[in-house]
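**Q** In the working numbering, the protein residues as written are 0 to 284. Glycine included, each C-beta is placed from N, C-alpha and C at the ideal position.
(1) Let's see if you can read the secondary structure: which residues bound the alpha helix (DSSP H) around residue 83?
(2) Could you check whether the stretch 248-256 touches the stretch 106-122, counting it as contact only if at least three pairs of C-beta atoms, one from each stretch, sit closer than 8 Å?
(3) Can you grab the Cα-Cα spacing for the pair residue 75 / residue 224, in whole Å?
(4) Assign residue 196 to one of three DSSP states: helix, strand, or coil.
(5) Give me the Cα-Cα distance between residue 148 and residue 84, rounded to the nearest whole angstrom.
(6) Report yes or no: is there a C-beta of chain D within less than 8 Å of the C-beta of residue 172?
(7) Do you know offhand how far residue 57's Cα is from residue 152's?
(8) Starting from residue 144, follow the alpha helix (DSSP H) in both directions and report where the run begins and ends.
(9) Between which two residues does the alpha helix (DSSP H) carrying residue 24 extend?
(10) Which class does residue 274 belong to by DSSP, given the choice of helix, strand or coil?
(11) Restricting to runs no shorter than 4 residues, where is the alpha helix (DSSP H) found entirely within the stretch 202-234?
(12) Quick one: measure Cβ to Cβ for residue 22 and residue 43, integer angstroms, because I've assumed they're closer than 8 Å.
(13) Pull up the CB-CB distance for residue 125 and residue 240, whole angstroms please, since I reckon it's below 8 Å.
(14) For residue 234, does the count of other Cβ atoms within 10 angstroms reach 16, so buried, or fall short, so exposed?
(15) Less than 8 Å separating the beta-carbons of residue 96 and residue 19?
(16) Could you give the DSSP three-state label for residue 29: helix, strand or coil?
(17) Here's the rule I'm using: 16 or more other beta-carbon atoms within 10 Å means buried, otherwise exposed. How should residue 39 be labelled?
(18) On the three-state DSSP scale, how would you describe residue 167?
(19) Which residues in the same chain as residue 313 place their Cβ atom closer than 7 Å to its Cβ, once the five residues preceding and following it in sequence are excluded?
(20) Going by beta-carbon coordinates alone, are residue 242 and residue 81 separated by less than 8 Å?
(21) Going by the CB atoms, is the gap between residue 48 and residue 180 shorter than 8 Å?
(22) In whole angstroms, give me the CA-to-CA distance for residue 236 and residue 29.
(23) Could you tell me whether the Cβ atoms of residue 155 and residue 109 are closer together than 8 Å?
(24) Let me check understanding here. Comparing Cα to Cα, which of 232, 160, 77 and 169 lies closest to residue 183?
Structure representation (structure tokens):
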């Protein structure tokens, strides 16, 4: 089961790693961060509803679970996406992604201080290597604004909150499609409320909507469901480390598709992260 959890989490991370590439492509059509988050959540709802209907999965959810989903969606997953996507407007995507990937550290700290979950020496070494690896991707340009740094770091904390709460509540053992459906619904509502201050663009070229549908299927459906499976099998603290395949995916895609430079520091960063993942995978055999 742990091997399945590792595979599911890594595949989820790869899909999430493609998100910045698609997001910036959608931005080129005039979309805002709030627009992307709203349509990404909206477009995935009918897909999940059809799957649930065909598999005869009940839409019923208890008031207790609904409250937990609302909290996790609004303060966790939804706020994370809004903060991270908004930070792209103030700092480089590479810098934002690096700061966001401080979240495995926050996950371990939350588990340690709130749930008294011990951090083994093996995991401490893996966390240290992963943190050093993430910092190798850090490239702060002179045009970066402090608000962007704050948003990216805050997104790391809110995502850690999302992962931990998903595990510690009984939602981790609920049907993944059902949880994803209600998460997407609450995030769509959240962005609609935020649109009072940050408008959502509804009139865009059809190419933008096509990319939004692809983004919804890839990140709000497949990646989210796979991550829930990974957390169920591994726990949030261990799963968060395997999620570090995401920045590696972003670097490789940037190099192959966008022609971005593959610097020595990025190669070292990838090597350190992969070493951390090997350490954790041996533990989980």
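**A** Here's the rundown:
(1) Locating residue 83 in the chain shown gives position 84, where the first residue counts as 1. Per DSSP, residue 83 belongs to the alpha helix (DSSP H) from 78-86.
(2) The stretch 248-256 vs the stretch 106-122: no contact.
(3) The count along the chain shown starts at 1 and reaches residue 75 at position 76. The count along the chain shown starts at 1 and reaches residue 224 at position 225. The straight-line gap from Cα to Cα measures roughly 16 Å.
(4) Here the question's residue 196 lines up with position 197 in the chain shown. Coil.
(5) Counted from its first residue, the chain shown places residue 148 at position 149. Counted from its first residue, the chain shown places residue 84 at position 85. It is roughly 12 Å from the alpha-carbon of residue 148 to the alpha-carbon of residue 84.
(6) Protein chain content of the structure displayed is limited to a single chain, and chain D is not contained in it.
(7) Working through the chain shown from its first residue, we reach residue 57 at position 58. Working through the chain shown from its first residue, we reach residue 152 at position 153. One C-alpha to the other measures close to 37 Å.
(8) As a working note, residue 144 is residue 145 in the chain shown. It is not in any alpha helix (DSSP H) - residue 144 carries neither H nor E in the DSSP assignment.
(9) Here residue 24 is taken as the residue at index 25 of the chain shown, counted from 1. Counting along the chain, the alpha helix (DSSP H) containing residue 24 begins and ends at 18-26.
(10) Numbered from 1 along the chain shown, position 275 holds the residue referred to as residue 274. Looking at residue 274 - three-state DSSP - the assignment turns out to be helix.
(11) Counting only runs of 4+ residues, the alpha helix (DSSP H) found wholly inside the stretch 202-234 occupies 205-214 and 223-233, in chain order.
(12) Within the chain shown, numbered from 1, the residue matching residue 22 stands at position 23. Within the chain shown, numbered from 1, the residue matching residue 43 stands at position 44. Incorrect: roughly 15 Å between the Cβ atoms, too far for contact.
(13) As a position in the chain shown, residue 125 is number 126, starting the count at 1. As a position in the chain shown, residue 240 is number 241, starting the count at 1. Correct: roughly 6 Å between the Cβ atoms.
(14) The residue given as residue 234 occupies position 235 in the chain shown. Buried: at least 16 other Cβ atoms inside 10 Å.
(15) For the purposes of this step, residue 96 is identified with residue 97 of the chain shown, where counting begins at 1. For the purposes of this step, residue 19 is identified with residue 20 of the chain shown, where counting begins at 1. Taking 8 Å as the cut-off, the Cβ atoms of residue 96 and residue 19 count as close.
(16) Taking the chain shown and counting its residues from 1, one reaches residue 29 at position 30. In the structure shown, residue 29 sits in coil (DSSP, three-state: anything other than H, G, I, E or B).
(17) Here residue 39 is taken as the residue at index 40 of the chain shown, counted from 1. The residue is buried, with at least 16 neighbouring Cβ atoms inside 10 Å.
(18) The residue labelled residue 167 in the question sits at position 168 within the chain shown. Of the three classes helix, strand and coil, the one that applies to residue 167 here is helix, per DSSP.
(19) With the chain covering only 0 through 284, there is no way to say anything about residue 313.
(20) Locating residue 242 in the chain shown gives position 243, counting from the first residue. Locating residue 81 in the chain shown gives position 82, counting from the first residue. In this structure, residue 242 sits away from residue 81, with a CB-CB distance that is not shorter than 8 Å.
(21) Residue numbering aside, residue 180 sits at position 181 when the chain shown is read from its first letter. Residue numbering aside, residue 48 sits at position 49 when the chain shown is read from its first letter. In this structure, residue 48 lies closer than 8 Å to residue 180 by Cβ.
(22) Counted from its first residue, the chain shown places residue 236 at position 237. Counted from its first residue, the chain shown places residue 29 at position 30. If you take the alpha carbons of residue 236 and residue 29, they lie about 37 Å apart.
(23) The sequence position of residue 155 within the chain shown is 156, counting from 1. The sequence position of residue 109 within the chain shown is 110, counting from 1. In this structure, the beta-carbon distance from residue 155 to residue 109 does not fall below 8 Å.
(24) Position 184 of the chain shown holds residue 183. For the set 232, 160, 77 and 169, the Cα lying nearest the Cα of residue 183 is the one of 77.
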